[in-house]
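Participant: Would you mind keeping the following structure in view while I ask a few things?
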Amino acid sequence: VMGRLEAFAMSNPPWKSFIDGLGNGLGYSAVLVTLGVIREIFGSGSLLGFRVIPEAAYAAGYMNNGMMVLAPGAFFLLGCIIWIQRSISKYSEA
3 VMGRLEAFAM
13 SNPPWKSFID
23 GLGNGLGYSA
33 VLVTLGVIRE
43 IFGSGSLLGF
53 RVIPEAAYAA
63 GYMNNGMMVL
73 APGAFFLLGC
83 IIWIQRSISK
93 YSEA
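All residue numbers for the sequence shown refer to the numbering used here, where the first residue is 3 and numbers rise by one.
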């Protein structure tokens, strides 16, 4: 991330570099928050301490996914998010 920002800043004026850095920072933050929210919901069934998954789901046999609260869960989830995003945008490696 920092290398890309530095390369952009070297060949562009300060305001464009600031806007680019702000956009990159907000995008990266959005991905981290999205990962955290999804992991929290599926890993513990709550969000910010409030139960999100209803008791009826647990009564029907739903169990929290313990792997979501571990580090590998973040990598699997990030892979799924990238896969979905590339499927939506019809991305293909040339």
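Backbone N, C-alpha and C fix where the C-beta goes; we use that ideal spot for every residue, glycine too.
Let me check understanding here. Comparing Cα to Cα, which of Ser91, Arg88, Ala62, Cys82 lies closest to Thr36?
Facilitator: The residue you call residue 36 lines up with position 34 of the sequence shown. Measuring from the Cα of Thr36, the nearest candidate turns out to be Cys82.
Participant: Tell me the residue span of the alpha helix (DSSP H) that contains Ser89.
Facilitator: Counting from 1 along the sequence shown, the entry for residue 89 is found at position 87. Run containing Ser89: 73-90, per the alpha helix (DSSP H) assignment.
Participant: Going straight from the alpha carbon of Ala62 to that of Pro56, what length do you get?
Facilitator: Numbered from 1 along the sequence shown, position 60 holds the residue referred to as residue 62. Numbered from 1 along the sequence shown, position 54 holds the residue referred to as residue 56. Each residue's Cα considered, the two are about 10 Å apart.
Participant: Could you tell me which residues DSSP puts in a beta bridge with Leu49?
Facilitator: By 1-based counting over the sequence shown, the position of residue 49 is 47. Looking at the DSSP assignment, Leu49 forms a beta bridge with Phe52.
Participant: If we count the other Cβ atoms within 10 Å of its Cβ and call it buried at 16 or more, is Met70 buried or exposed?
Facilitator: As a first step, residue 70 must be located in the sequence shown, where it is residue number 68. Buried: at least 16 other Cβ atoms inside 10 Å.
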